[in-house]
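Novice: Below: one structure in structure tokens.
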Amino acid sequence: MPEMIAVERALALVLEAARPLPPAEADLGEAEGRILLEEIRADRDQPAWDKALMDGYAVAAADVAAGQELAVGATIAAGADPASLAPLAPREAARIMTGAPLPPRADAVVPVEQSRAGAAPERVRLDGPVRPGDHLARRGDDVRAGATLLDAGDLLGAAEIGTLAACGRIHVKVGGIPHVSVLATGDELVPPEEVPEGGRLRNSNGPMLEALARRAGARVTSLGIARDDQKGLRRALEAGLDADALVLSGGVSMGLYDLVGRVLREAGAEILFERVAIRPGKPFTFARRGRTLVFGCPGNPVSSYVIFQVFVRPALRRLASHPRPEWTPIAGRLAAPVTQRPGRAGFVQVRARWHGGRLEADPVPTSGSADLASCARGNALAVLTPSVAEFPAGSEVPVILLDDHADR
Ligand code: AMP
Ligand code: MG
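Counting from 0, one number per residue, gives the positions in the sequence shown under numbering that gives the first Met the number 0.
What follows is the structure, given as structure tokens:
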């Protein structure tokens with residue numbers, strides 16, 4: 000019987016085997032969700048000129064303090080060339096729009112809301128007090144040329160992409176996208192579009208694992224279903240062994256037709272472990288051949304789902320150069336009691352929500368390890384330490400907030 004190892008040890012072995020892929024170059028439009036692998040510095044001061052922060056009048060503050068009407072000279076729109084602007088004459092204001100460059104001698108902007116028409120056309124009366132620096136930004140106030148804006152290791156989200164655009168970085172160095180092949184195994188499986196007859200059932204794990212892999216940032220190839228015979232399984236499996244990771248479901252427990260381990264050995268893969276002290280999901284095989292990682296997930300759908308979340312997702316994130324590939328659990332409180340047989344770490348589907356400043360984790364009713372819909376009703380996993388059997392309501396437990404449920 001293969002040795003059963005602790006979750007932490009198994010995860011360490013998985014992450015050790017998962018080496019970041021070679022860096023890639025991405026265009027701005029395809030960079031979202033990837034990891035930046037270079038430092039980004041501002042190419043110029045932002046703003047690149049002194050600019051108005053309100054629609055109104057550019058003035059010399061001292062002119063307004065005198066309480067006089069000012070003559071309205073130029074009108075300056077955003078986009079005007081700062082070099083083309085004439086200095087304000089004494090007791091002159093320029094009509095100015097948000098984002099437009101200030102003319103020479105102007106040292107404040109008075110918002111249009113603080114202006115009234117003057118006694119004659121093209122004259123304006125401005126309400127004080129006005130201080131130098133009001134409603135304007137000086138060149139470089141936001142960012143100085145050469146300042147670091149983004150760091151290697153940053154995840155590229157919307158704000159980061161906008162930042163790259165603002166400094167003209169339309170190509171950036173990023174982590175690679177892992178290529179994942181997914182293969183379901185089992186004589187009993189039919190594709191989802193078929194009506195199962197006799198003792199058959201639909202392949203739900205394949206599409207689920209593919210969705211999870213895509214969600215974790217991978218490019219996915221579906222290898223469909225392999226039958227439980229050594230030759231067929233070997234052929235199907237070889238097709239997936241040129242990917243960065245091959246994710247299998249089924250065929251890893253103790254049954255007569257659980258051939259995945261045998262076929263992996265035959266294919267020259269190195270098996271790193273075959274049993275993990277986790278519930279659900281004890282029979283979980285992790286292997287590698289060359290640079291390809293192989294995850295033999297259990298056939299039970301809930302087990303497969305949990306094993307992917309706990310082990311495969313961190314591995315894929317590491318391949319993609321994520322600096323923190325593992326989940327970061329948050330302390331939560333169980334809303335109802337939970338019991339388990341001690342000996343393995345429990346990963347329990349819960350519905351987590353913030354309540355009075357605390358994360359409350361409500362266990363989701365489930366009919367067992369085939370009940371994928373119970374995972375759909377949950378949005379998080381509560382982690383139960385292996386040595387404890389009873390967790391009364393109110394117990395504090397680590398909770399993993401699953402990202403594909405964040406807004407449910
Ligand atoms: P196995 O690990 O192959 O013995 O499968 C364990 C259980 O999971 C059996 O009841 C299988 O029918 C079921 N199962 C295996 N693969 C799948 C799959 N791709 N989709 C849904 N159920 C599966
Ligand atoms: Mg099977």
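Glycine is no exception: its CB is placed at the ideal position from the N, C-alpha and C atoms.
When burial is assigned at 16 or more other CB atoms within 10 Å of the CB, is L211 buried or exposed?
Specialist: Taking the first residue of the sequence shown as 1, we reach residue 211 at position 212. With 16 or more other Cβ atoms within 10 Å, it is buried.
Novice: Just mark G249 as buried or exposed, buried being the case when its beta carbon has 16 or more other beta carbons within 10 Å.
Specialist: Here residue 249 corresponds to residue number 250 of the sequence shown, with the count starting at 1. By the neighbour-count rule (16 or more Cβ atoms within 10 Å), G249 is buried.
Novice: With distances taken Cα to Cα, identify the nearest neighbour of L247 among V275, V179 and E269.
Specialist: Locating residue 247 in the sequence shown gives position 248, counting from the first residue. Closest by alpha carbon: V179.
Novice: On the premise that V129 lies in contact with L69, defined as a C-beta separation below 8 Å, what is that separation, rounded to the nearest angstrom?
Specialist: In the sequence shown, residue 69 corresponds to position 70, counting from 1. In the sequence shown, residue 129 corresponds to position 130, counting from 1. Contact doesn't hold; Cβ gap of about 11 Å is too wide.
Novice: Touch check for the segment 191-198 and the segment 354-362: three-plus C-beta pairs under 8 Å?
Specialist: no
Novice: Let me have the residue list for the ligand MG: C-beta closer than 5 Å to any non-hydrogen atom, ordered along the chain.
Specialist: G185, G249, G250 and G298
Novice: Quick one: is D80 buried, meaning 16 or more other Cβ sit within 10 Å of its Cβ, or exposed?
Specialist: In the sequence shown, counting from the first residue as 1, residue 80 sits at position 81. Looking at its Cβ environment, which holds fewer than 16 other Cβ atoms inside 10 Å, D80 is exposed.
Novice: Does the Cβ-Cβ distance between I224 and A319 come in under 8 Å?
Specialist: Position 225 of the sequence shown, counted from the first residue, corresponds to residue 224. Position 320 of the sequence shown, counted from the first residue, corresponds to residue 319. No.
Novice: Nearest-angstrom Cα distance between L35 and A151?
Specialist: If you number the sequence shown from 1, residue 35 lands on position 36. If you number the sequence shown from 1, residue 151 lands on position 152. Each residue's alpha carbon lies about 5 Å from the other.
Novice: Please return the same chain residues whose Cβ sits closer than 6 Å to the Cβ of R226, not counting the five positions on each side in sequence.
Specialist: Here the question's residue 226 lines up with position 227 in the sequence shown. Contacts found: D186.
Novice: Around the Cβ of L87, are there at least 16 other Cβ atoms within 10 angstroms (buried) or fewer (exposed)?
Specialist: Locating residue 87 in the sequence shown gives position 88, where the first residue counts as 1. Flag for L87 reads buried.
Novice: Once you ignore the five residues that flank E38 on each side, which residues in its own chain have a CB closer than 8 Å to its CB?
Specialist: Indexing the sequence shown from 1 puts residue 38 at position 39. Around E38, the same chain offers T147, L149, D150 and A151 as residues with beta carbons nearer than 8 Å, after the five sequence neighbours per side are excluded.
Novice: For S83, which of helix, strand or coil comes out of DSSP?
Specialist: Residue mapping note: residue 83 aligns to position 84 of the sequence shown, counting from 1. DSSP, read as helix, strand or coil, puts S83 in helix.
Novice: Where are the alpha helix (DSSP H) runs, 4 residues long or more, that stay fully inside the segment 82-123, in chain order?
Specialist: none
Novice: To test your reading of the DSSP string, which unbroken beta strand (DSSP E) runs of 3 or more residues are found completely within the segment 313-392?
Specialist: If we require 3 residues or more, the beta strand (DSSP E) runs fully inside the segment 313-392 come out as 329-333, 344-354, 357-362 and 379-383.
Novice: Please find out if some non-hydrogen atom of the ligand AMP comes closer than 7 Å to the beta-carbon of L414.
Specialist: Here the chain comprises residues numbered 0 to 407, so residue 414 is not present and cannot be evaluated.
Novice: Under 8 Å by Cβ, that's how I've got R90 and Q113 pegged, so tell me the actual separation to the nearest angstrom.
Specialist: On the sequence shown, residue 90 is found 91 positions in, with the first residue counted as 1. On the sequence shown, residue 113 is found 114 positions in, with the first residue counted as 1. Not really, about 17 Å apart at Cβ, beyond 8 Å.
Novice: I believe L271 touches R261 by the beta-carbon criterion, under 8 Å. Please report the beta-carbon distance rounded to the nearest angstrom.
Specialist: The residue labelled residue 271 in the question sits at position 272 within the sequence shown. The residue labelled residue 261 in the question sits at position 262 within the sequence shown. The Cβ separation is near 16 Å, so there is no contact.
Novice: Please check the pair A30 and V142, which I expect to be a contact at CB under 8 Å, by giving their CB distance rounded to whole angstroms.
Specialist: What you label residue 30 is simply residue 31 of the sequence shown in a count that begins at 1. What you label residue 142 is simply residue 143 of the sequence shown in a count that begins at 1. Not quite, the Cβ-Cβ distance comes to about 20 Å (not below 8 Å), so this is no contact.
Novice: Let me make sure I understand the geometry here. Which of E395, E209 and V189 has the alpha-carbon closest to that of N202?
Specialist: Start at 1 with the first residue of the sequence shown, and residue 202 comes out as number 203. If we check each option's Cα against that of N202, V189 comes out closest.
Novice: Considering only DSSP beta bridges, list what S180 is partnered with.
Specialist: Within the sequence shown, numbered from 1, the residue matching residue 180 stands at position 181. Per DSSP, the beta bridge partners of S180 are T220 and L245.
Novice: Per DSSP, which residues does M3 bridge with? Please list them.
Specialist: Taking the sequence shown and counting its residues from 1, the one referred to as residue 3 is at position 4. Partner residues in the beta bridge of M3, as assigned by DSSP, are R274.
Novice: Taking V398 and I306 to be in contact with their CB atoms under 8 Å, please state how far apart those CB atoms are, rounded to whole angstroms.
Specialist: Sequence index remark: in the sequence shown, residue 398 carries index 399 (1-based). Sequence index remark: in the sequence shown, residue 306 carries index 307 (1-based). Not quite, the Cβ-Cβ distance comes to about 18 Å (not below 8 Å), so this is no contact.
Novice: Just the C-alpha distance for L255 and A17, rounded to the nearest angstrom, thanks.
Specialist: Your numbering for residue 255 matches position 256 in the sequence shown. Your numbering for residue 17 matches position 18 in the sequence shown. Answer to the nearest angstrom: the Cα atoms are 31 Å apart.
Novice: Is the beta carbon of V6 sitting closer than 8 Å to the one on I277?
Specialist: Here residue 6 corresponds to residue number 7 of the sequence shown, with the count starting at 1. Here residue 277 corresponds to residue number 278 of the sequence shown, with the count starting at 1. A distance below 8 Å separates the beta carbons of V6 and I277.
Novice: Less than 8 Å separating the beta-carbons of E237 and S221?
Specialist: Within the sequence shown, residue 237 is the residue found at index 238, counting from 1. Within the sequence shown, residue 221 is the residue found at index 222, counting from 1. Remark: C-beta atoms of E237 and S221 do not approach each other more closely than 8 Å.
Novice: Do you know offhand how far S394's Cα is from R168's?
Specialist: The residue labelled residue 394 in the question sits at position 395 within the sequence shown. The residue labelled residue 168 in the question sits at position 169 within the sequence shown. Taking the straight line joining both Cα atoms gives about 49 Å.
Novice: Just checking D241 against the ligand AMP - is the residue's beta carbon closer than 7 Å to any of the ligand's heavy atoms?
Specialist: By 1-based counting over the sequence shown, the position of residue 241 is 242. No.
Novice: Alpha carbon to alpha carbon, how far is R317 from A82?
Specialist: Indexing the sequence shown from 1 puts residue 317 at position 318. Indexing the sequence shown from 1 puts residue 82 at position 83. Cα to Cα, R317 sits roughly 50 Å from A82.
Novice: Roughly how many whole angstroms lie between the Cα atoms of S386 and N204?
Specialist: The count along the sequence shown starts at 1 and reaches residue 386 at position 387. The count along the sequence shown starts at 1 and reaches residue 204 at position 205. The alpha-carbon atoms of S386 and N204 are separated by roughly 30 Å.
Novice: With distance defined between alpha-carbon atoms, name the residue in G356, L292, R332 and L155 nearest to A242.
Specialist: Walking along the sequence shown from the start, residue 242 turns up at place 243. Closest by alpha carbon: L292.
Novice: I'd like the list of long-range same chain contacts for A215, defined as Cβ closer than 7 Å, with 5 residues on each side in sequence excluded.
Specialist: The residue you call residue 215 lines up with position 216 of the sequence shown. Here A215 has R312, L315 and R316 as same chain residues with Cβ atoms under 7 Å from its own Cβ, once five neighbours each way along the sequence are excluded.
Novice: Per the DSSP calculation, I75 is bridged to which residue(s)?
Specialist: If you number the sequence shown from 1, residue 75 lands on position 76. The partner list for I75 (beta bridge, DSSP) reads I95.
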